[in-house]
Structure formats: C-alpha cells, structure tokens
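> So for the sequence shown, the numbering used here puts the first residue at 1; every next one is plus one.
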Amino acid sequence: MNVSIVIPTYNRLPILEKCLFALENQKLNTNISNYEVIVVDDGSTDGTTSWIKNNKANLPHVVLFQQEHGGPALGRNLGVIKSKYEIIIFIDSDLIVLENFITCHVEKLLSYWGKNDKKCFTYGSVVNTSNFLNPQSEKHKIIDTSFAYFATGNVAIAKELILSVGLFDTSFSLYGWEDLELGERLKKIGTKLIKCPSAVGFHWHPPFNCEQIESLIIQEKERAKMALVFYKKHPNLRVRFMIQLTPLHNLLWQILCLGGLISVDRIFPLLRFLVNTRRNRLALEILRIPLNMIYIKQLTKSR
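1) Just to confirm, is the Cβ distance from residue 290 to residue 262 under 7 Å?
2) Hey, how far is the Cα of residue 301 from the Cα of residue 177?
3) Rounded to whole angstroms, what's the CA-CA distance from residue 10 to residue 43? Just pull it up for me.
4) As an exercise, report each continuous alpha helix (DSSP H) stretch of at least 4 residues that is fully enclosed by the region 142-178, in chain order.
5) DSSP beta-bridge partners for residue 121?
6) Between residue 13 and residue 139, what straight-line distance do the alpha-carbon atoms span, to the nearest angstrom?
7) Residue 152 and residue 90 - do their beta-carbons sit closer together than 7 Å?
8) State buried or exposed for residue 265, treating a residue as buried only when at least 16 other CB atoms are found within 10 Å of its CB.
9) So the candidates are 15, 70, 23; which of them puts its Cα closest to the Cα of residue 47?
10) Count the other C-beta atoms from every protein chain shown that fall within 10 angstroms of the C-beta of residue 117, then say buried if there are 16 or more, exposed otherwise.
11) Could you round the C-beta distance between residue 88 and residue 37 to whole angstroms and report it? I think they count as a contact, below 8 Å.
12) Can you give the Cα-Cα distance for residue 154 and residue 204, rounded to whole angstroms?
13) With residue 34 as the anchor, note down where its beta strand (DSSP E) starts and where it stops.
14) Return yes when the Cβ of residue 201 is within less than 7 Å of the Cβ of residue 95, no when it is not.
15) Assign residue 223 to buried or exposed, taking buried as 16 or more other Cβ atoms, counted over all protein chains shown, within 10 Å of its Cβ.
16) Which of helix, strand or coil does DSSP assign to residue 203?
17) State buried or exposed for residue 121, treating a residue as buried only when at least 16 other CB atoms are found within 10 Å of its CB.
18) Who are the near neighbours of residue 125 in its chain, counting only those whose CB is closer than 6 Å to its CB and skipping five residues on each side?
19) Tell whether a beta-carbon distance below 7 Å holds between residue 64 and residue 80.
20) Helix or strand or just coil, what does DSSP make of residue 96?
21) Grouping DSSP H, G and I as helix and E and B as strand, with all else coil, what is residue 219?
22) Apart from the five residues just before and just after residue 53, which ones in its own chain have a Cβ nearer than 6 Å to its Cβ?
23) Tell me whether the region 156-172 and the region 127-136 touch, counting them as touching only if at least three CB pairs, one residue from each stretch, are closer than 8 Å.
24) Can you name, in chain order, every residue of its own chain whose Cβ lies under 6 Å from the Cβ of residue 207, other than the five neighbours on each side?
25) In the structure shown, what three-state DSSP assignment does residue 28 receive?
26) Less than 7 Å separating the beta-carbons of residue 49 and residue 66?
27) Is it the case that the Cβ atoms of residue 7 and residue 111 are separated by a distance below 7 Å?
28) When the Cα of residue 157 is compared with those of 148, 33, 85, 98, which residue comes out closest?
29) Which word fits residue 83, buried or exposed, when buried means at least 16 other C-beta atoms lie within 10 angstroms of its C-beta?
30) Is DSSP giving residue 60 helix, strand or coil here?
31) Which value, in whole angstroms, describes the spacing of the CA atoms of residue 238 and residue 170?
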C-alpha cells in the first residue's frame, strides 16, 4: 500500500518547514511500501518554492507543484490529480505530526477496507497549539474536540472514492466550507467516518494578539458568504444547522452578545489586558463570541 499526502500552502514557510521534516521522520509498518508528500504552493511570496527546491536532499519524499493563488480547494484538487498512490491523506501546512502518523491512518483504513468496501475515511486528532518551538508537547484539550464530518486538517481516504464524488468545488473562492461541502457529498453516498485518534497532528497558530482582530473580522465575513454557497448547493436542514442559518442560532448569539452590548469595540480593552498578561488563549475565546455575531449578521445580510 502506498500513500500520497496532499498539502496546499500559502505563505506559511516557517511552520511548513516543521511540517515537512516531521513527515520525513515517519516510522512505517510493513503495510506501507512508499509515500509521497505533495506540496502545492498556492502562489506564496515568502520563498516557499525556493526553500523546498534548495532543501530537496533533506526532503526526499516531497513533490512540489506550483499554481497561481487560487485557494486551498484548487490546491488540493491539483494534489489529488497529480498523486500517484491509492490512499490520500489531507493535512494543512501548519500541522506537525507524530512519527507514527501515516501508519495509524493506514492501519485503521485497511482494517475497515477488509470488512467492507472502501467507502470510508479516517479522521485523525488535531491538537491546537501556539507553541512553535515544541508543538508536540501540547496536551489535548476539550476545545480541540471537533464534530465536523469531513475536515481536511487530518483525514485519509481512498483516491478512487474522492475522485468518484468530484473533488473540491473551486467556487468556494473565499475562506471556509469547501471541505465540509465535499463531506456532504460523501455523506450522501453513505461514506463512513472512522475516528483515528492515534493519528495525531498539532495545529500551530501564532498566539492571539489584538493586531489580528481586523483580519479575523474579514475572515468571518468571508466564511458567511461561503456558507451561503454551501447552502445553495445543499439546501437541507442539516446544512442549515451547520452554517447556523436558523432563527434559533440568531437568537442564541443575540443573547450571548446581550443584544449587541458585547461587541469587538467594547471588549477591546479587556482583550488588550488579557494579551498583556499573557492570557492570549482566553482573549481569543472571548473574542469568538462577538466574532460569531459578525458572522451571523453577514449571513443574514448576504442571503
């Protein structure tokens, strides 16, 4: 059995280096003959392509492709099309994995392929961390738990299965939902989600600071616009709840924001205080409340 790991990347060189070296440090079992790491550089301007080419000797499994900046859906599609092997593992370029990562995914997949057909995928664990020097030291937290059906931060699937449902929809040109939309198509044909908690990836992101707020607001507005693209393709109740397009969600976030009393501007002094006292994670979790209200408002406005 052979494996193709597909990684789209855009201007994430420092953490991408850690990501790729961790993938070169894999311990494989006898079920795995070979693997490749397909990196699709989505028009990076930070020297990503040059660094990979200059370090080819240290990255023997890496295969590099380049495209003009078009987003992760386009990058993942290119990676799948160019891949050589039977199993596709999708991860993000800011994910650092353990040395048994590939083996855990493959063992779990093969155990289900033997009992049934290949209509399943494995979903690994993702641990969020802002520890750049030693991300693997982060412990799993309750907030790391995900209930998503198909999120491409850490999944493995048969190449033939993902090709059969039509790859990622590149009309998701802004932030969010393209992987969950593909998941909706997989769900409709009865694809089974197999949890694989032993395939651990550590999702690095820089510690929150107040300078990130503007970009986070833009991200929420983009997420809302793409949510409507998702719903137009799959106008069912499940997707409505996923994207929070219900009166219940609107009421819930109005209550949590005290009818607008809790806003980004009003809590900014608190956020700055928490960041200055090194409680960055708490600051971000508090900020998520008005951010989601911004998302809800944009969802209603764009509809």
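Every residue, glycine too, gets a C-beta built ideally from N, C-alpha and C. Computed from a predicted model, the values in this text were never measured in an experiment.
Judging by the given coordinates:
1) Yes; because the gap between Cβ atoms is below 7 Å, this pair is in contact.
2) For residue 301 and residue 177, the distance between alpha carbons rounds to 18 Å.
3) The C-alpha of residue 43 is placed about 7 Å away from the C-alpha of residue 10.
4) Within the region 142-178, the runs of alpha helix (DSSP H) at least 4 residues long that lie entirely inside it are, in chain order, 159-164.
5) Answer is 157, 193, bridged to residue 121.
6) In this structure, the straight-line span from the alpha carbon of residue 13 to that of residue 139 is close to 24 Å.
7) Yes, the pair counts as a contact, with Cβ atoms nearer than the cut-off.
8) Burial state of residue 265 is exposed, judged by a 10 Å Cβ sphere holding fewer than 16 other Cβ atoms.
9) Ranking 15, 70, 23 by Cα distance to residue 47 puts 15 first.
10) For residue 117, the number of other beta carbons within 10 angstroms of its own is below 16, and it is reported as exposed.
11) About 12 Å separates the two Cβ atoms, so there is no contact after all.
12) Cα-Cα distance, rounded: 13 Å.
13) It spans 34-42 - the beta strand (DSSP E) in which residue 34 sits, taken as one unbroken run.
14) Note that the C-beta distance between residue 95 and residue 201 is below 7 Å.
15) By the 10 Å Cβ count, residue 223 comes out buried.
16) Judged by DSSP in its simplified three-state form, residue 203 adopts strand.
17) Counting the other CB atoms within 10 Å of its CB gives residue 121 a total of 16 or more, which places it among the buried residues.
18) Scanning its chain for C-beta atoms nearer than 6 Å, with the 5 sequence neighbours on each side dropped, one finds around residue 125 the residues 197, 200, in chain order.
19) Not in contact: residue 64 and residue 80 (Cβ atoms no closer than 7 Å).
20) In this structure, residue 96 counts as strand in the three-state DSSP scheme.
21) Correct three-state label for residue 219: helix.
22) Answer for residue 53: no residue qualifies.
23) Three or more Cβ pairs closer than 8 Å define a contact, and the region 156-172 falls short of that threshold against the region 127-136.
24) Same-chain partners within the cutoff: 130, 280.
25) In the three-state DSSP reduction, residue 28 falls in the coil class, being neither helix nor strand.
26) Yes. Within cutoff.
27) Result no, Cβ atoms of residue 7 and residue 111 do not sit closer than 7 Å.
28) Selection 148, 33, 85, 98 evaluated against residue 157 yields 85 as nearest (Cα-Cα).
29) With a threshold of 16 other beta carbon atoms within 10 Å, residue 83 meets it and is buried.
30) Coil at residue 60, not helix or strand.
31) Between the alpha carbons of residue 238 and residue 170 lies a distance of about 22 Å.
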